[in-house]
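Read in order, the letters of the sequence shown are residues 1 to 547 in full-length UniProt numbering. The beta carbon of each residue, even a glycine, is placed where N, CA and C say it ideally should be.
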Amino acid sequence: MVVYRSPVTPIHDATNLSIPQFMTQYNPDDVDASKAVHTDTFSDEALTYGGLRYQAARAAWGLQKRLGLQPGNTLLALVNNSNAFVLLAHATWWTGAIFAPLNTAATHQDILHVLQIVKPTHVVTIEEKLSTVQDALASLSLTDIKVLTVRCKVGNMPQFPEDVTGEADSQSLPPYDLQGKNSKDVPSTICFSSGTTGKMKGVQLSHYNLVMNSIMMRASMPVRVNSTVREVFFAPYCHVYGLTIAVLAGMWVGAHYCGLAAFDLESFCRKSSEIKVTDLHIVPPVALGLAASPIAQKYDLASLQRIVISAAPLKKSVQQLLKKRFSHTSICQECSGGVIHEIDEDEKAFGCVGKLFAGMEARLVDPKTNKDVPLGEEGELWLRGPVVMMGYVNDSEATKRTFSDDGWIKSGDILKLDENQNFWVTDRLKEMIKYKGFQIAPSELEDMLLRHSNVTDAAVCAVYDDAQATEVPLAYVSLSPETAELPSSEKQKVLDEIRSWMDGQLAGYKKLRGGVFHLQSLPKTPTGKILRRLLPAKLNEAREAKL
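In structure tokens:
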């Protein structure tokens, strides 16, 4: 067995701390309680370093004493990036309950599925999703789940935090206590991830996972995890990426994050200029906008020191444009959850995803043989360390498939390692489509296509859209015999109708932006598995890559 370890100095193993204990007992940069640490686009108010902790303790009291949220219960949250999201997360952790944030783009079917996975006792939602949540609860005859809203009052429904927070200082909870217990065994959070099998899974994370993630980030990249950082953050806080960076680590060290509920380049650049950002975490489409759009040129971003690109590889041409536009700025790419790029101006290393986090171990394994590959050769990345999830909620089979018998988590990403311990992503074993940082499972879209009366078979794959600098989903369908025999113009109308029908069923980021096309038959193995690499769009991509 060939095991690669982090070059970063070993870190303290915090096995007996809850997230709120960690937040209240350690102030690594000695931040003043009055320092603003989080703002949003909904109000002029700011959460302060001390205020977040004070308000979380009082809101936790209300959640527990007034609304019955107990340790081990699950609170499902459909809340976009905001002060309310940050406070709700910390108040939930403060009670010892499990925080389960779901993207506000979730559809009725998504919410139905999630309700059955995590079985929440409480749901907190923005007003725009309230009717969808209520319909889903009614469909499952779930009448005893308490529903709250944020940023608005709807009838007699409690509003968070206004109707929850204790009025007196005595009406506050002490931080959930894990002293003398093993925090590895106590779940804190459920994030949702689309797996290759289609429907989203609940990724269960312990208090230990999230506390150690913050400690490891600080140890691995102190220049990016400290109280001087200022950033406008648009990646959804419901995703583990936003949750760990902005909602937890940033609030621990006393950085200043401004949460954008929805992204548009103008607002992003304007806010970034206003707060004089030092750091940006972005995805390739935003990198292209910053580098080339006239909108970005209007704003003063001279304060920017570091740009981190994640979610998908950045094309070399966009890298060069970005470097030209921000010549004063360090630019790197990262693969979160296990490897991280050290800030490095070495042009030969630019484009790699970096070195291992402090505390992490990795292997590169041939997925066919489960044998370690030699240095410099491609293999599936297997990881072991403090940030590896507890498992999938109520899905022991998926958990078993994801872990090796000796405890390594199989990432599904194909990487190689160079002589300088830099990791490079070369492919994805999983067939996920990454649209602007969002993950889309092809099988989920295929299952939905097959529900259409004119579709007899379906295959979905990713194609790269240069204009948007991102992958988009594209569908191939085999049509029913009577439809397949129609003239081309009539057949195209059917394909357009299928696309329109699909777009009406899906969350916005899952729409078939690459189009819907007809194939008489789909390429498959003898056992019936779709050969996505042989779909016309994939063959064209491969051909163009060789030109």
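Three-state class that DSSP yields for residue i in the structure shown
i      : result
Lys355 : strand
Met200 : strand
Gly195 : Note that Gly195 scores 47 on pLDDT, short of 50, meaning its location in the model is unreliable; the coordinates nonetheless yield the value given after this. Three-state DSSP puts Gly195 in coil, outside helix and strand.
Ala287 : helix
Trp252 : helix
Gly385 : coil
Ile343 : Its pLDDT being 46, under 50, Ile343 is placed unreliably by the model, and nothing is read from it.
Cys269 : helix
His518 : strand
His207 : helix
Asp279 : strand
Gly166 : coil
Glu380 : strand
Ala458 : strand
Gly96  : coil
Asp447 : helix
Pro158 : coil
Tyr435 : strand
Asp300 : coil
Ala136 : helix
Cβ neighbour criterion (16 or more within 10 Å) applied to residue i
i      : result
Val154 : exposed
Ala138 : exposed
Asn182 : exposed
Gly289 : buried
Asp40  : buried
Asp279 : buried
Ile19  : buried
Asn81  : buried
Leu522 : buried
Ser141 : exposed
Leu102 : buried
Glu497 : exposed
His328 : exposed
For residue j and residue i, the rounded distance between their alpha carbons
i      : j      : result
Met212 : Arg499 : 44 Å
Leu63  : Lys316 : 49 Å
Glu378 : Asn420 : 16 Å
Lys510 : Gln171 : 44 Å
Arg53  : Val393 : 29 Å
Val283 : Ser310 : 5 Å
Ile111 : Thr369 : 38 Å
Asn540 : Ala255 : 46 Å
Leu506 : Thr107 : 7 Å
Ser272 : Trp382 : 37 Å
Val8   : Asp32  : 29 Å
Val232 : Ala291 : 17 Å
Glu167 : Val186 : 30 Å
Gln179 : Thr95  : 15 Å
Pro367 : Ser293 : 41 Å
Arg401 : Val425 : 22 Å
His113 : Ile145 : 16 Å
Tyr176 : Ser396 : 28 Å
Ala100 : Gln116 : 13 Å
Ala398 : Thr143 : 30 Å
Asp466 : Ile433 : 15 Å
Proximal residues to residue i (C-beta, below 6 Å), its chain only, five neighbours per side dropped
i      : result
Gln159 : Thr149 and Lys153
Pro386 : Met212 and Gly359
Asn209 : Val387
Thr456 : Ser478 and Ser480
Phe22  : Val211
Close Cβ partners of residue i (< 7 Å) along its chain, the five nearest in sequence each way excluded
i      : result
Gln235 : For the sequence presented, residue 235 should be read as Ala rather than Gln. Here the set comprises Tyr241, Gly242, His281 and Gly437.
Val2   : Arg363 and Asp372
Val133 : Leu78, Ile111, Val123, Thr125 and Val147
Gly407 : Arg384
Contact set for residue i: own chain, Cβ-Cβ below 8 Å, skip 5 residues either direction
i      : result
Thr483 : Asn454, Lys491 and Val494
Leu486 : Val494
Gln25  : Leu17
Minimum Cβ-Cβ distance from residue i to chain C less than 8 Å
i      : result
Lys493 : In the displayed structure, chain C is absent; only one protein chain is listed.
DSSP beta-bridge partners of residue i
i      : result
His122 : Leu75 and Lys146
Gln333 : Ile309
Glu127 : Looking at the DSSP assignment, Glu127 forms no beta bridge with any residue, so it has no partner.
Cys258 : Thr39 and Val232
Trp424 : Lys416
Leu47  : His38
Thr470 : Asp465
Arg499 : Paired residues: none, contrary to the question.
Tyr237 : Partner(s): none; Tyr237 has no beta bridge.
Tyr4   : Ala362
Lys524 : Ile530
Asp372 : Val365
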